[in-house]
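Note that numbering that gives the first Met the number 0 has the sequence shown beginning at 0, numbered continuously upward. Presented below is the structure to which this report refers.
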Amino acid sequence: MFSDFGYDNEISDIIGHFKNFYKDKINENKNQIVTSFLKKNFEVIHVLQSKNEDLNKSGFYATIGLA
0 MFSDFGYDNE ISDIIGHFKN FYKDKINENK NQIVTSFLKK NFEVIHVLQS
50 KNEDLNKSGF YATIGLA
């Protein structure tokens, strides 16, 4: 559809950028959860888990996952 207007590559690049952003943020939070657990900083773990749940439930994240 977008290829008819010459936007196909730009849209793919934007989608790829946001997919990488979400993937990196989720992995960063997971790494911080492990580090917090090892440091016995349990208060932070719940906050980071909530952030990851919010990222995974994001409507925008679901939309780019379909693209």
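All residues carry an ideal CB built from backbone N, CA and C; glycine is no exception. In this text, all values refer to a predicted model and were calculated from it rather than measured experimentally.
Handout entry: Short Cβ contact (8 Å threshold) for Leu54 with Ile32
Key = Note that the C-beta distance between Leu54 and Ile32 is not below 8 Å.
Exercise for the section: Consult DSSP for Asn30 and reduce its assignment to one of helix, strand or coil. Expected result: Assigned with DSSP and collapsed to three states, Asn30 falls in helix.
Problem - Per-residue DSSP class, three states only, for Asn8 - result: When secondary structure is reduced to three states using DSSP, Asn8 falls in the helix class.
Handout entry: Own chain, CB closer than 7 Å to Ser49, minus 5 neighbours either side, in chain order
Key = none
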